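Peer 1: Residue numbers for the sequence shown, in numbering that gives the first Met the number 0: 0 to 172. Would you mind keeping the following structure in view while I ask a few things?
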Amino acid sequence: MLNLFVILFVLSSAMAVVTAFLFLLTRKKLAEKESKLTAAESRISEIEANLTKTTEELKKEINMITERNIKLEIDKHKVENACYDQLNQIEKLKAAIKPDSFDGFFPICSNCKDIRDPKGYWHSIEEYIQSLSVTDFSHSLCPECAKKLYPDLFDGERKAICLKWKTGSDKPL
């Protein structure tokens with residue numbers, strides 16, 4: 000029986016040693032896994048911090064872009080309104096310089112051909128049309144008036160001196 004006790008004691012001692020060895024081995028593996036887990040948690044914390052920082056930066060940039068878009072929309076509407084106003088002004092000015100802006104009715108003197116403006120003042124045709132538009136006049140004589148006013152310059156149907164008029168044909172007067 001003593002032998003049995005010795006065997007049991009040796010077996011139990013061996014089991015204790017194996018248990019201790021397994022405990023130490025498990026503890027070592029657990030420590031390695033804890034170390035890896037701690038490193039992973041640290042890396043995750045870094046990534047979360049970077050993501051938070053990046054998210055905040057993106058939110059700031061989005062806010063800045065939104066503010067700029069609002070300002071651009073306001074400026075766009077101002078420009079559109081200014082263009083609309085200018086187009087209206089251009090149309091008003093075009094209407095003001097058109098002779099037919101007075102419904103095509105011009106009171107004109109039958110004798111001297113002066114025109115009366117809406118205020119009641121009389122102007123020569125040239126003055127009146129120039130005041131309504133950017134038209135310039137140069138004065139000349141038509142062939143009929145030239146013959147009436149200066150008959151001595153014409154010999155029958157031919158010119159005595161070199162005066163040229165466009166009459167629609169190439170024949171001299």
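Every residue, glycine too, gets a C-beta built ideally from N, C-alpha and C. Everything numeric in this text was worked out from a predicted model, so none of it was measured.
Secondary structure at H122, three-state DSSP: helix, strand or coil?
Peer 2: Of the three classes helix, strand and coil, the one that applies to H122 here is strand, per DSSP.
Peer 1: Identify which residue in W121, S12, T134 has its Cα closest to the Cα of I107.
Peer 2: Closest in C-alpha terms to I107, from the list W121, S12, T134, comes W121.
Peer 1: Within this structure, are the beta carbons of F136 and K146 separated by less than 7 angstroms?
Peer 2: no
Peer 1: So what does DSSP say about D99, is it helix, strand or coil?
Peer 2: With a pLDDT of 46 at D99, under the threshold of 50, the predicted position of this residue should be treated as unreliable, though the coordinate-derived value follows. Per DSSP, reduced to three states, the secondary structure at D99 is helical.
Peer 1: Secondary structure at F4, three-state DSSP: helix, strand or coil?
Peer 2: helix
Peer 1: What residues are listed by DSSP as bridge partners for I114?
Peer 2: The partner list for I114 (beta bridge, DSSP) reads I107, H122.
Peer 1: So what does DSSP say about K52, is it helix, strand or coil?
Peer 2: Note: K52 maps to helix in three-state DSSP.
Peer 1: So C141 is in the alpha helix (DSSP H); what residue range does that whole segment cover?
Peer 2: It is not in any alpha helix (DSSP H) - C141 carries neither H nor E in the DSSP assignment.
Peer 1: Quick check on Y127: buried or exposed, where buried means 16 or more other Cβ atoms within 10 Å of its Cβ?
Peer 2: buried
Peer 1: What separation, rounded to the nearest whole angstrom, lies between the Cα atoms of N173 and A38?
Peer 2: With the chain covering only 0 through 172, there is no way to say anything about residue 173.
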